[in-house]
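Engineer: Per our numbering, numbering through the sequence shown is continuous, rising by one, with the last residue being 1074.
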Amino acid sequence: MIEPAMPTTSTPSLSELENPSEFIARHIGIDAADEAVMLRAVAATSRGALIDAIVPRSIARSQPMDIPAPITEAAALAELKAMAAKNKVFKSYIGQGYYGTHTPGVILRNILENPAWYTAYTPYQAEISQGRMEALVNFQTMVMDLTGMPMANASMLDEATAAAEAMTMAQRASKSKSTTFFVDVEVLPQTLAVIKTRAEPLGIEVKTCKGDEALGQDSFAVLLQYPGVSGVVRDDREWIKAYKAKGGIVIMAADLLALTLLTPPGELGADIAVGTTQRFGTPMGNGGPHAAYMACRDEYKRTMPGRLVGVSVDVHGNPAYRLALQTREQHIRREKATSNICTAQVLPAVVASMFAVYHGPAGLKRIAQRVAALTAVLAQGLLALGYKTANTSAFDTLTVNTGDATNSIASNALSKGANLRFASNNSLSVSLDETSTRVDVEALWRFFAKPGQTVPQVSDFEQAANTLLPAALLRTSSYLTHPVFNTHHSETGMLRYIRRLSDLDLALDRSMIPLGSCTMKLNATSEMIPITWPEFADIHPFCPANQREGYAELDEQLRAWLCQATGYAGISLQPNAGSQGEYAGMMAIRGYHAARGQSQRNICLIPSSAHGTNPASATMAGFKVVVTACDANGNVDMVDLKTKCEQYSANLGAVMITYPSTHGVFETSVKDLCALVHSHGGRVYVDGANMNALVGLAAPGEFGGDVSHLNLHKTFCIPHGGGGPGVGPVCVVADLVPFLPAHADANGIGPVAAAPLGNASVLPISWMYCRMMGAEGLKAATEVAILSANYISVRLKDHYPTLYTSSPEDGKPGRVAHECILDLRPLKETSGGVHGVSAEDVTKRLMDYGFHAPTLSFPVPGTLMVEPTESETLDELDRFINAMIAIREEIAKVEQGLWPQGNNPLSHAPHTAAALLGEAWDRPYSRELAAFPVPSLKSSKYWVPVGRIDNVHGDRNLFCRCVPVKD
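(1) Looking at HIS209 and THR542, is the spacing between their C-beta atoms short of 8 Å?
(2) Assuming TYR755 and VAL733 form a contact by the criterion Cβ under 8 Å, report the distance between their Cβ atoms to the nearest whole angstrom.
(3) Between the Cα of ALA977 and those of PRO1031, TYR911, MET798, spot the shortest distance and give me the residue it belongs to.
(4) Given that a residue counts as buried once 16 or more other Cβ atoms are within 10 Å of its Cβ, and exposed if not, what is SER724?
(5) Can you look up ARG1068 in the DSSP assignment and give me helix, strand or coil?
(6) Going by C-alpha distance, which of SER964, MET954, THR304 is nearest PRO1017?
(7) The alpha helix (DSSP H) that contains ASN1058, what's its start and end?
(8) Is THR542 helix, strand or coil by DSSP?
(9) Express the C-alpha separation of PRO826 and ALA112 in angstroms, rounding to a whole number.
(10) Starting from the C-beta of THR179, find all residues in its chain whose C-beta is less than 8 Å away, skip the five residues before and the five after it, and write them out in chain order.
(11) Identify every residue that forms a DSSP beta bridge with ASN260.
(12) Looking at SER64: is its Cβ nearer than 8 Å to the Cβ of ALA667?
(13) Apart from the five residues just before and just after LEU580, which ones in its own chain have a Cβ nearer than 7 Å to its Cβ?
(14) Helix, strand or coil, according to DSSP, for GLY488 in the structure here?
(15) Give every residue of the same chain whose Cβ lies closer than 7 Å to the Cβ of TYR350, excluding the five residues on either side of it in the sequence, and list them in chain order.
(16) Please classify GLN452 as buried or exposed, where buried requires at least 16 other C-beta atoms within 10 Å of its C-beta.
(17) In this structure, how does DSSP classify THR254 when only helix, strand and coil are distinguished?
(18) Rounded to whole angstroms, what's the CA-CA distance from THR509 to PRO651? Just pull it up for me.
(19) Enumerate, from N- to C-terminal direction, the unbroken alpha helix (DSSP H) stretches of 4 or more residues contained entirely within the region 618-680.
(20) In this structure, how does DSSP classify HIS816 when only helix, strand and coil are distinguished?
(21) Helix, strand or coil: how does DSSP classify TYR699 here?
(22) What residue from ARG902, PRO845, TYR494, LEU780 has the CA that sits closest to ALA990's CA?
(23) Quick test of the definition: if touching needs 3 or more C-beta pairs under 8 Å, does the region 415-432 touch the region 376-393?
(24) Within the continuous beta strand (DSSP E) that includes LEU759, where are the two ends?
(25) The alpha helix (DSSP H) that contains GLU312, what's its start and end?
(26) To the nearest angstrom, how far is it from the Cα of ARG435 to the Cα of VAL967?
(27) Touch check for the region 783-799 and the region 133-153: three-plus C-beta pairs under 8 Å?
(28) Among VAL336, PRO372, ASP319, which residue has its Cα nearest to the Cα of TRP346?
(29) For a test of the three-state rule: what should DSSP assign to MET172, helix, strand or coil?
(30) Shortest alpha-carbon distance to ALA946 belongs to which of VAL923, THR970, ILE928, GLY957?
(31) Under 8 Å, do VAL464 and ARG239 count as touching if we go by C-beta distance?
(32) Closest by CA to GLN297, which one among ASP265, GLU312, SER283?
(33) Looking only at its chain, what residues have a beta carbon closer than 7 Å to the beta carbon of GLU1081, apart from the 5 residues adjacent to it on each side?
(34) Looking at the secondary structure, which residues open and close the alpha helix (DSSP H) in which LYS951 lies?
(35) Roughly how many whole angstroms lie between the Cα atoms of GLY704 and GLY698?
(36) Helix, strand or coil for THR384 per DSSP?
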């Protein structure tokens, strides 16, 4: 029997019942009762008192953020849907690197919309990342096969930045002393624009050329487009041979779908191939995110930027995947790094690779043949209507000589819901794609038909349908021969393959990922839903502006809210990764100094504790990096900074800092630091990687920062996606606004990404987060993140002391920001010296407990940097704390000699099921302890698929494609 509800003393108001703040409690994992427990543990009387004791009062916000009050998930989705409806989903025949595509439903539902894939982190811990790394090896193999190159990386940010990276890579590899880089006139215009932005601070002169014009002038490399932007398919192999004979390096930007039919760049003699995989199942999304690719000849593999997944072996001798060579290059080589790109576009790369797996070589070829056949039919119909095309060869694009009728044809198409591209004042380009149909081709003929003309039908030319591809360029070599591309063509098979790979990984849908500096917080379902709406997904980035009014409103609102969160005057959302936001910020500072006639200000001071991308970004922007010291507590050494500011005063351009510091504390001298730098004519770049500790509490633009980048894939909830996509907006004070990156603004620094709005289609995620949280929710999230980090620090202090804290007061423990660095360095010595327990051993043992490890050995070797985020529940925080304590007890047994060095649960971790079920067991601990170190694991166990991986073997025996199948 159900008991009747007891009467209450007061009836809730309608406003209370509507509960507009419902999402705040869904995003923040700590409720009031949990908070009381945590506050007692950290010896704080209230959350506000804790924050006041941690965040210096000198930088506290002067006023609250002016962000709309929170609304419910349903209300936010409805509001965003109305905004999306302002976009006009026209049929776009614009091409120019962006095409309609069909995302197979099995991939859409089970990868793009699946938190097992989109909440995963970059695979630095290889043993628990085998699924996504297998998908990335599939991606690399796909690119190698289609381009005819022996090496490819695991994706780049977009085609334009990939081409810019290829330019600098070619300059490093070239023996030429020339600083001239040629770009063929057929190269995509947005690619040329990004190349010019990248080249200028590096002293590279970019010249456009027509084909063999580059042979007559000195240059170190040339970029070709294949097929060209006009649609032409040129056979440049003789020209390439002659150019290479002069010592030049050839880069080809190639369409992967076309390469299923065309002779690949590697066979034509190219040295480097770049491009995009967008048309392999990823919607246009107003420009991104899309996985670009880079492939190269074998001799260039060790200078290739970006991420590379290689095959190694685990401790049991089984094949296993790991990141190879370039892993965290920026943190090792710093200002000498060859690129500042520290991640990839993993989620779109996985989609592209699965598109190839699902369709296989025959399916991809059929799609390409159909596009080429429809293009040939389109050309015949245009010829029948009296038009000539500028390109007699073509794959998917025709440039039509339209003369005085150019505007009327384009307007006619526009009135019927179709976009054509103006190739010139008297010609139009038309590009077909996988989604094009017979009906579309006949509609195009109607746009071009003159009054009274009979419009052809596709059936008129069907029997004569052929391609316009040059016979001499038809591909004869095979591709995608590995079984993975020839097995999973049924939906059942594909579904199970995707599920098998996701089961190999540990993502946020299984447990907390306590990575310091990386902020692995909740990516709410309601935030993710809008990215697949057609009104956002099916928009071409270069369609008319009045078709992107919804995106324009989204851009305007999100920039306004982010300005409120940061205290800055202006923001560009174009940078499509945090590294690109850093670069754009440093370019803005450089542009500011140049506009004032002070180009000599090219010295950038960077503390030794800074993120590795900082010095790499500064160097790319044309600055000379000078390292400044940190004190014993990890703070910027103000004495050393003052000395260097005075030493370089006439040439000081900028100082780059991270706040709160990379060491996880709020430095009290930050306002003094900013004032000092400003007094010497420099600008202050505040790295926004740790904004999750600032939003609502302090604003860089208020306490003295001039520029910051944000990681929307950290603080503002865009998921990491296994290592991308990211969005790295650059935020600036008022006098730097004219120098923000942009495609159209001649006064700016130029574009830093291919599309005007960068990775536009994931921006609705951050919009939803801000709209549902409001100012109060965003501030509460920051405070709870700080509380959670201090809770972990205090609970673990007797087991793993926190390396850096603020000075303790009144008997209270030292405080940290939103992350803490646990000092494991003494353990190696106490447990046996050289062969004692290391921090890496602890990370591997955590896998047995079902956890992704915290950040290992950054910023201090031998430490773990932990960031719990505000989204984790107290139960999950305690589960992690208990696991760390249990591991410390295991270490104690090694210290006491109860378990020998090299033969204990830590040294053998992680433990696979296969190893535990083997007949032999010669270890001094039980199989049960290895598998179930705490009882709760018996009912919920993540099994690591491989044992500890041999990193040295992987680099010495570099192999980066699908593993051959044994007979």
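For every residue, glycine included, the Cβ atom is placed at its ideal position computed from N, Cα and C.
Structural biologist: Per the coordinate set shown:
(1) yes
(2) 7 Å
(3) Note that residue 977 is Glu in the sequence shown here, rather than Ala. Here the closest residue by C-alpha is MET798.
(4) buried
(5) coil
(6) MET954
(7) 1058-1063
(8) coil
(9) Note that ALA112 has pLDDT 47, beneath the 50 cutoff, so the model's placement of it is unreliable and no number is given.
(10) GLU125, ASN126, PRO127, GLU129, PHE130, MET879
(11) ASN260 pairs with nothing; no bridge assigned.
(12) This structure leaves residue 64 out entirely; the chain is present only between 108 and 1074.
(13) VAL340, ASP342, LEU369, THR370
(14) helix
(15) ALA321, LEU322, VAL329, VAL357
(16) buried
(17) helix
(18) 20 Å
(19) 632-635, 641-644, 656-673
(20) strand
(21) helix
(22) ARG902
(23) no
(24) 759-765
(25) Careful: GLU312 lies outside any alpha helix (DSSP H), inside the beta strand (DSSP E) at 312-316.
(26) Because ARG435 carries a pLDDT of 49, less than 50, the predicted location of this residue cannot be relied on, and the following value inherits that uncertainty. Distance between the alpha carbons of ARG435 and VAL967: 14 Å.
(27) no
(28) ASP319
(29) coil
(30) THR970
(31) no
(32) ASP265
(33) Only positions 108 to 1074 of the chain appear in the structure, and residue 1081 is not among them; the question remains open.
(34) 946-955
(35) 10 Å
(36) coil
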